[in-house]
Amino acid sequence: MKKLKNLAYSSMCLSALLLATACNGNTSEKKAEVGQDSTIQDSEEQGFVSMLDQNSLNGWEGDSTIWSMKEGVLSGEIKPGAELKNNTFLIWKGGEPGDFVLRAKFKISDKGNSGINYRSERFTELPYALKGYQADIDGKKNYTGQNYEERKRTTLAYRGERTEIREIEDGLVAEAKGNAWTNRRVLDTIDNLETLKNAIKSEDWNDIEIVAEGNKLSHFVNGKLMSEVIDNDSKNKNDKGLIGVQVHVGPPMKIEYKDMQIKILK
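Residue numbers for the sequence shown follow my numbering, so the first one is 26 and each next one is one higher.
Right under this line is the structure:
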C-alpha cells in the first residue's frame with residue numbers, strides 16, 4: 026500500500042512538473058508576442074507610417090519595367106542594353122507633405138546613382154520626372170548625403186556642409202554654376218569629410234533619414250548628419266511637394282530600398 030501511495034505521489038509530481046513546464050512555455054510565447062506587439066505599438070505611437078507594400082508597387086507611380094517590389098524590398102534596376110536617356114522616378118502617391126521625417130534603408134551598386142526627392146513637383150516635359158530637393162545617393166560615395174536640387178538650383182549643400190540659401194535681392198545674380206547654386210553660403214562644417222564618407226557602407230544596407238522642418242532640411246546617413254540646408258530663398262524654395270525615388274542616367278545599376286516610413290509633422 027505504501028508503495029502504491031508513493032507511486033501515485035510521484036505521478037502527481039510528474040504531472041505538475043509537466044504542467045508547469047507547459048505553462049512556462051506558454052508564458053514565454055506570450056511574452057514574445059507581447060514584446061512584438063509592443064514594438065509595433067511603439068512604432069505607431071511615434072507616428073510613422075509604412076510607405077511600401079510587401080510585394081507590389083501599390084501607392085506608387087512609375088515605370089514598372091525598372092521598378093519592382095518583392096518581399097519588402099523595392100528595386101530599381103537598369104540592365105545592360107536598356108540604359109536610360111533621362112532620369113526617372115518612382116513617385117509616391119500618398120500626398121505632398123511639407124514638414125516630415127522620412128526613414129529608410131538603401132543599398133546601391135558600385136556604379137549606381139539614385140536619390141530620394143521630396144517637396145518636389147512634376148517636370149511635365151518627361152514621364153515620371155521630378156524637380157526639387159534630393160537626398161543624393163551614389164555607389165561611389167562621392168555625393169551620398171548631399172542636398173542636390175533636381176532640375177532647379179543644383180547643389181545646395183555638399184556633404185559635410187551646413188549652408189544658407191540666401192534671398193535673391195534686387196540686383197543680385199543667382200544661378201547654377203559649376204553644378205552648384207551661387208547664392209549659397211556655407212555657415213559651418215559638420216564633420217571631417219573622410220569620417221562622413223567612411224560612415225557609408227559600400228554595396229550594403231545603409232540607414233537614411235530626411236528631416237524637413239520649416240526652411241531647415243537635414244540629411245542623415247547611418248545616424249550621422251551629412252548635410253543641412255537653411256533655405257531662405259522665397260522665390261525658389263518649396264514648402265511641400267511630392268516624394269520619389271530615382272534611377273539616374275548612366276551605366277547599368279541597381280538601387281534597393283526597404284523599411285521606408287514617414288512621419289508627418291504638420
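Note that beta-carbon positions come from the ideal geometry of N, C-alpha and C, so glycine has one too.
Integer Cβ distance of residue i from residue j, believed to fall under 8 Å
| i | j | result |
| --- | --- | --- |
| V246 | I280 | Wrong, their Cβ atoms sit about 14 Å apart, outside the cutoff. |
| L77 | G101 | Wrong, their Cβ atoms sit about 13 Å apart, outside the cutoff. |
| K283 | F125 | That belief does not hold up - the Cβ atoms of K283 and F125 are roughly 19 Å apart, past 8 Å. |
| L109 | I116 | The pair is not a contact, with the Cβ atoms about 16 Å apart (cut-off 8 Å). |
| G123 | K291 | 7 Å |
Among the options, the one whose alpha carbon lies nearest that of residue i
| i | options | result |
| --- | --- | --- |
| V272 | L155, G123, E146 | L155 |
| E175 | Y158, K249, N167, V198 | Y158 |
| A107 | V254, P277, K283, L290 | P277 |
| N217 | V126, D88, G266, Y183 | Y183 |
| F114 | W85, D229, L197 | W85 |
| E219 | K202, K288, M251 | M251 |
| T90 | Y153, I193, E200 | Y153 |
| G248 | I235, L242, S259 | I235 |
| I215 | G185, I233, L197, N80 | G185 |
| N261 | E228, D213, K177 | K177 |
| L99 | K110, L109, N83 | N83 |
| E228 | N208, D195, S243, K136 | K136 |
| L181 | R209, G196, Q79 | R209 |
| K222 | K165, L290, S259 | K165 |
| R147 | V211, K241, S134, K118 | K118 |
| Y173 | F73, S243, I133 | S243 |
| D232 | G196, K132, K241 | K132 |
| S81 | K95, D88, G87 | K95 |
Collapsed DSSP secondary structure at residue i in the structure displayed
| i | result |
| --- | --- |
| E174 | strand |
| E146 | strand |
| L221 | helix |
| Q79 | coil |
| N51 | Bear in mind that the predicted position of N51 carries a pLDDT of just 40, short of 50, making it unreliable; the figure below should be weighed with that in mind. It is helical. |
Beta-carbon proximity of residue i to residue j, cut-off 7 Å
| i | j | result |
| --- | --- | --- |
| N142 | G269 | yes |
| R191 | N263 | no |
| L267 | E150 | no |
| W206 | K130 | no |
| N204 | T179 | yes |
| K265 | R144 | yes |
| D163 | Q171 | no |
| V274 | N112 | yes |
| Q286 | S75 | yes |
| V254 | T188 | yes |
| I193 | A199 | yes |
For residue i, the residue or residues it bridges with in DSSP
| i | result |
| --- | --- |
| G140 | D161, Q271 |
| E102 | K279 |
| N249 | What sits at residue 249 in the sequence shown is Lys, not Asn. For K249, which the question treats as bridged, DSSP gives the partners V246. |
| A205 | T180, K202 |
| N295 | Because residue 295 is not part of the residues shown, which for the chain are 26 to 291, the question remains open. |
| T90 | None; T90 has no bridge partner. |
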